[in-house]
Ligand code: NAD
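Numbering (full-length UniProt numbering), first residue to last: 15 to 257.
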C-alpha cells in the first residue's frame with residue numbers, strides 16, 4: 015500500500031462513512047489526520063475538529079489549526095456532503111441553496127483554505143468525493159446529481175489551475191455505498207430489506223460498494239502512486255456506469 019509516513023491530511027466529513035474509513039486508512043499508513051466534521055467524535059489517533067463546511071471562517075480556522083498542529087499539509091479529502099431526493103419539480107430554491115452550500119461551496123471553501131499550505135508540499139493531492147450521479151442519470155436525484163456534477167467540473171478546473179503548483183486534484187465517483195447515510199435512507203423506507211436489494215440490484219455487481227473500497231480509491235489518488243494522474247473521476251460503483 016501507499017506510504018503516508020511523515021505526511022499530514024485533512025478529511026472533511028471525516029467522522030462517518032466514507033470519510034471516516036479514509037481517515038482511518040490514511041492514519042494506518044502513517045499520516046497525521048484531522049477530521050473536519052459537524053461531529054468531533056473520531057477514534058484515536060485521528061484529530062477531530064468540529065467544523066461546518068457552510069461556515070467559511072470555521073473552515074479557515076480548522077485548516078489553520080491542522081496545519082499548525084501538524085506543521086504541514088499534503089492531502090485534502092473534500093468529502094463532506096448531504097443527500098437530496100426528488101425530481102426537479104420536487105425541490106424548492108431553499109433546498110437547492112442548502113444542498114449546494116454544503117456539497118459544492120463546502121468543497122470550494124475547503125480547497126481555498128488549504129491551497130496555500132498544499133503548495134508547500136512536494137506531494138500535494140486533493141481528492142473530492144463526487145458521485146456516480148455526476149455522470150449517470152439516476153431517478154429522484156435531480157438536485158443531488160447537479161451538485162455532484164458541479165464537483166466533477168470543479169475538480170477538472172481546480173486541477174488545471176493547480177497543476178503548475180504541483181498540486182494534483184482528482185475525484186472519486188462512488189455508486190451506492192454501505193455507509194450510515196445509506197443506512198438512514200434504508201431505515202426510512204417502507205421495506206428496508208427490499209429497498210437495500212433494489213439498490214444493490216441497480217449495480218451490476220449486485221451489491222453495495224463498501225466504504226473501505228472507496229477509501230482505498232481515495233488513498234490511491236492521494237498518494238504518489240498516482241503521481242501522473244490529475245483531473246480524473248475514478249468510478250467506484252460496482253460497474254453501474256460502465257457496464
Ligand atoms: P455519512 O453521512 O456517513 O458521512 C458524511 C459526514 O459528513 C458526516 O459525518 C456528517 O456529519 C458530515 N457533514 C455533513 N454536513 C456537513 C457540514 N455542513 N460540515 C461538515 N461536515 C458535514 O455519508 P457518506 O455516505 O460517507 O458520504 C460521504 C460523501 O460521499 C458525501 O459527499 C456523499 O455525497 C458521497 N457519496 C456517498 C455515496 C453513498 O452511497 N453513501 C455515494 C456517492 C457519493
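All residues carry an ideal CB built from backbone N, CA and C; glycine is no exception.
In this structure, does DSSP put residue 22 in helix, strand or coil? strand
What does the alpha-carbon distance come out to for the pair residue 234 and residue 21? 14 Å
Could you please give the first and the last residue of the uninterrupted alpha helix (DSSP H) stretch that includes residue 90? No alpha helix (DSSP H) contains residue 90, which is instead part of the beta strand (DSSP E) from 89-92.
Tell me the rounded alpha-carbon separation between residue 98 and residue 54. 24 Å
If you reduce the DSSP assignment to three classes, tell me which class residue 243 lands in. coil
State the start and end residues of the unbroken alpha helix (DSSP H) segment that holds residue 218. Residue 218 -> no alpha helix (DSSP H), and no H or E assigned at all.
Is any heavy atom in ligand 3 found nearer than 7 Å to the beta carbon of residue 233? In the structure shown, ligand 3 is absent; the only ligands present are ligand 1.
Hey, would you say the C-beta of residue 43 is under 7 Å away from at least one heavy atom of ligand 1? no
For residue 259, name the three-state secondary structure that DSSP assigns. The structure shown has nothing for residue 259, since the chain only spans 15 to 257.
Is the beta carbon of residue 70 less than 8 Å from the beta carbon of residue 133? no
For ligand 1, is there a heavy atom less than 7 Å away from the beta-carbon of residue 86? no
What does DSSP give as the partner residues of residue 186 in its beta bridges? 143, 248
Using beta-carbon positions only, say whether residue 260 and residue 238 come within less than 8 Å of one another. Absent from the structure is residue 260, since the part of the chain shown begins at 15 and ends at 257.
Own chain residues within Cβ distance below 8 Å of residue 206, not counting five before or after: 200
Within a Cβ cutoff of 6 Å, which residues of the same chain sit near residue 2, ignoring the five residues on either side of it in sequence? The chain is shown from 15 up to 257; residue 2 falls before or after that span and cannot be answered.
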